[in-house]
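Here's the structure we're looking at; comments come further down.
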Amino acid sequence: MDIDILIGILLVVFSLGILTYMVLWARWIINRIASKGLGSARKIIKEIRNG
Amino acid sequence: MAKNGNISSELSRELSLFHITMMGIGMMIGAGVFLGVGNAIYHAGPGGVVLTFALNGLIAVFTAMSYAELSSAIPRAGGAYNFARIGFGRSTSFVAGWMEWFASSVAGSAYAITFSIYVLRYVKGLGLLGPLADHLYISEKVLAVLIAIIFIYINYRGASETGKIGAIITLGQTLFLLLIGVVGVYVAFKDPSRLQNFQPFMPKGWGRLLVTMGFTYVAFEGFEVIAQAGDEAINPKQNLPKAMLYSVFVVTITYVLVSIATVLAVKAGSSGIDRPVWEWIGQHRERGFGEAIGRLMPYANLLLTLAVIFAATSALNATIFSATRASYALGRDHMLPPILAKVSRKRKTPWVALLATGVIIIFVVVFLDTMDVASSASIMFLFLFFLVNVCVIRIRNNMADELEYGFMMPFFPFLPLIAILCQTLLAINLHSVSRAAWIIGPSWIIAGMAIYHFYSKSRATATEDEIQVIEDQITLNGEDEAYRIMVAVANPKNALDLVKNTYKLAGAKNARVDLIHMVPVPEQVPLQDADRYMLEGKEAIVEMMLYLEPLFPVNTSIRYCRNIARGIVSGVREKKIDLMIMGWHGYTRKREFSFGSTVDPIIERSPCRIAIFRDCGNRKFHRILVPIAGGPNCGFALEVASILIEAEPDSEVSTLIEILHIQNRSVAFNLDDFLEMHKNRLQRSTDFFQSKTIVADNVLETILRESALFDLIVIGATQEPFIHQFLRPSIPEMVAQKSRKPVVMVKDVLGLRSVLKRWF
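Protein chains in written order, with our numbering: chain S, -18 to 32; chain V, 33 to 792.
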């Protein structure tokens, strides 16, 4: 396979993979903030770091 | 809600997550994909077009994260204009509104051109264009101007598109584009030879990718319209960020599928295809997408034309509405002539702002080439998103504790910084495809800055969020280059004790002193009416002035603000303070703060040295303990200790600074080298200092035990961010909280980090 095509496929998969992960993660944290009633920046950052 | 006798109104919250997501998608699928695919294939080849949209989606999601965070914390209509006003104040918000006006107007021009290109292409295909077919370029311009005028008139009539109807139209066009993508993939399965269309993958080299990403970026500009829906969205703290991220996800997947389908739609060697497929699509430039998709499936031309009509007109309507709103807001706030805020009595629409927006749209349609229009729109949105990414850093750094967030991005501030870097690269590379865009965009911004400087600055309406200086009294003119110490006066009862300690530091540094008292004013009270809150602070300031004035140049200021920490940090920046001195009562009510909701943000954000005094009173210190672990604040801790120690040669009391190092398994530190270096720097005799190293596992307990023989502990603050301390409190903060002895905690300036803090 042409090296350009290989790099291209990897880049597309990487971009869409990161995009999907970030959207799902954002959805998770938004729901978590809402369900736990967090609002303060420090509490949210703690929640993010605790994963 | 009544305010000042007037009845204020608010919009009803009717737009659900689905509606606002569709509004964002509708703005994005307006022109970028229809105009961009063919041009991207021309410039970057068959592989380049797919990569263009995939990578742009990735960059867009970083900016979407910034918009999402800001919109969840400030869910009000206004978008970038609002974020810039809160983050940076009036001048930057003017530039944001000015850019938003132009960016939306030029995007409107791009939608009008898209509409005319695809409609005329279809009519020509039916053979109904007659002699106009020979003057296609001019015909496209004329039709674009006509459609722009029609929608300007529709906006004048006040028949703006509602979110609910728009959502259904957008859903239809998105499904159609997804159908194209699915059919493209199906065709490839049925006829795998079409995959050869992707050879060569990047015929003009990888460098062209940045160019195509630049001029198609306009296809990802829907966040702004979602942010504008802050007043009308149901549950905006959750739904605005979700809508922004979902819309980027949906359009990126759609664009990638559509780009693949466009390349696969044409069979090599079929009738009329006399060259490689990518070259054939590329030669049609902005019409390339239509030409290719027309060969993909039955009725494709008709369906495509209908999709473009819906997409371009709904986006055109929304952009005219958005651009008009931006210029109306600038007029309303007196940043531009107030005539722009003039509303038609009959139609209740801002007709002057609409007329001005119409002039820009028509001018751009008539005088600019299609690529220049798309590139100009892209470049303006790139600048606007650049500003929003800067705002998210600024607002999180300066105001995070004052806002209630519904979403916060991870990896802060790296995501907005990556977005800023990528957007800068894309903007620079647009130069090679459209020089006009690089002349028009910056010229518009420079013109805006000139207008602000010469016109708006003196006329703009003051905003409520700004800090107001009530009393700024300069009693003596110290030299500008003098060392400047600021003392934050909060409690009149211990103000004098604080100033006596300041006296020692100011004497050693030959400094001038700024006394500042911040008056917190509740949100419900306008800053201008806040006199009643000032009395207590004024007493404290006067008392301190009486003490300091005969000795040092002293400036005093009393300021009204919404938040004390923000007000003090702003004072530090404004007056270029070298050392900030504060008192601390020794406990905090909120678990998430080490010193309290006021002191923590000041320590985190002030770009200067800081000294916090706890229980120091008006005492003399003869024996001072300086625990050190080798961090960057140790040297400053030793310096402060050597200033605060009271040397009394005739007294029997011996003076001593003991430098204590607790050696545990994880830390290795050469105490002798440290002492030698600082003795010379501080020009103190060796009699003053004594060093001691103790091997122990429990650092905190050892420091507290050792401190029993001393009058004062001076300790350097930890360099860990405060959020780390929230998770696991650091030793210096624990010492400050638990010690029964007076404590001074200090923090030094840290090179680049402090320079950045002055800006952000």
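Every residue gets a Cβ at the ideal spot worked out from N, C-alpha and C, and that includes glycine. What you are looking at is a predicted structure, and each value in this text was computed from that prediction instead of being measured.
- About 6 Å separates the beta carbon of residue 70(V) from that of residue 319(V), a gap short enough to meet the 8 Å contact definition.
- Residue pairing by DSSP places residue 516(V) opposite 544(V) in a beta bridge.
- Contact of residue 234(V) with chain S is assigned, a C-beta pair being separated by under 7 Å.
- Between residue 244(V) and residue 80(V), the C-beta spacing is below 7 Å.
- Counting only runs of 4 or more residues that sit fully inside the segment 170 to 255 of chain V, the alpha helix (DSSP H) segments are 195 to 222 and 240 to 248, in chain order.
- Here residue 739(V) is not near residue 676(V), since their CB atoms are 7 Å or more apart.
- For residue 103(V) against residue 262(V), the beta-carbon gap comes to about 6 Å, under 8 Å, which counts as contact.
- A straight line joining the alpha-carbon of residue 175(V) with that of residue 134(V) spans about 22 Å.
- Annotated as distal: residue 396(V) and residue 384(V), with beta-carbon spacing of 7 Å or more.
- Fewer than three beta-carbon pairs drawn from the segment 123 to 143 of chain V and the segment 314 to 331 of chain V are found closer than 8 Å, and the two stretches are therefore not classed as touching.
- Put simply, the CB of residue 16(S) is far from chain V, with every gap to its CB atoms at 7 Å or more.
- No Cβ-Cβ contact shorter than 7 Å links residue 611(V) with residue 548(V).
- By the criterion of at least three beta-carbon pairs nearer than 8 Å, the segment 365 to 380 of chain V is not in contact with the segment 427 to 435 of chain V.
- Leaving aside the five residues that flank residue 155(V) on each side, the residues in its chain whose CB is nearer than 8 Å to its CB run, in chain order, 161.
- Using beta-carbon distances, residue -13(S) does not count as an interface residue toward chain V, since no partner is under 7 Å.
- Contact residues of the segment 71 to 88 of chain V toward chain S are 79, 82, 83, 86 and 87 (C-beta to C-beta distance below 7 Å).
- By the Cβ criterion, the segment 455 to 470 of chain V is in contact with the segment 401 to 420 of chain V, since at least three pairs of Cβ atoms, one from each stretch, lie closer than 8 Å.
- From the beta-carbon of residue 13(S), no residue of chain V is found nearer than 7 Å; the closest lies around 10 Å away.
- For the 7 Å CB-CB criterion, residue 354(V) and residue 138(V) do not form a contact.
- Within 10 angstroms of the beta-carbon of residue 9(S) lie fewer than 16 other beta-carbons, which makes it exposed.
- If you check the CB distance, residue 596(V) and residue 664(V) do not come in under 7 Å.
- Chain V has no Cβ within less than 7 Å of the Cβ of residue -9(S).
- Around the beta carbon of residue 296(V), 16 or more other beta carbons sit within 10 angstroms, so the residue counts as buried.
- At a cut-off of 7 Å between C-beta atoms, residue 228(V) does not count as an interface residue with respect to chain S.
- The C-beta of residue 0(S) comes closer than 7 Å to at least one C-beta of chain V.
- The beta-carbon separation of residue 198(V) and residue 346(V), rounded to 6 Å, stays under the 8 Å limit for a contact.
- The Cβ atoms of residue 725(V) and residue 703(V) lie closer than 7 Å to each other.
- At a beta-carbon threshold of 9 Å, the residues of chain S lying near residue 437(V) are 14, 19, 20, 21, 22 and 25, ordered along the chain.
- With its beta carbon less than 7 Å from one in chain V, residue 29(S) belongs to the interface.
- Looking only at 95(V), 711(V) and 112(V), the smallest Cα-Cα distance to residue 720(V) is reached by 711(V).
- Separation of the CB atoms of residue 601(V) and residue 637(V) is rounded to 5 Å, and the pair is thereby assigned contact status at 8 Å.
- Residue 713(V) sits exposed, since fewer than 16 C-beta atoms from the chains shown fall within 10 Å of its C-beta.
- Distance from the CA of residue 28(S) to the CA of residue 443(V), rounded to the nearest whole angstrom, comes to 13 Å.
- Annotation: the continuous beta strand (DSSP E) that includes residue 690(V) extends over 688 to 695.
- The alpha carbon of residue 590(V) has as its nearest neighbour, out of 522(V), 282(V), 393(V) and 163(V), the alpha carbon of 522(V).
- From the listed residues 293(V), 662(V) and 708(V), the smallest Cα separation to residue 208(V) is found for 293(V).
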